[in-house]
Amino acid sequence: MADEQIYDVVVDTEQHCAAWLAGRDLPEGWHRPPGRRMRFLTRATDMWSGVRPMCLRSRVDDA
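If you read the sequence shown in our numbering, its first letter stands for residue 2, the second for the next number, and so on.
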């Protein structure tokens, strides 16, 4: 049975992506990126930049 729910892509301050049930309140620190709604896998792939959190990537890039 296929999941008929609609999900949004949400992002936290470390740029982690997650699928979140559309219409539900988000936990603190998470937001829905602006723009039109996209399929989760397409959006997550576009935003994916590795498994390191943003704070670590920033430190390494500044070094």
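Note that CB positions come from ideal geometry on N, CA and C, so glycine has one too. Remember, it's a predicted structure, so these values are computed and weren't measured experimentally.
Endpoints, beta strand (DSSP E) assigned at residue i
i: leucine 22; result: 18 to 22
i: aspartate 13; result: 8 to 13
Cβ-Cβ separation, residue j to residue i (assumed contact under 8 Å), whole Å
i: histidine 32; j: valine 11; result: 7 Å
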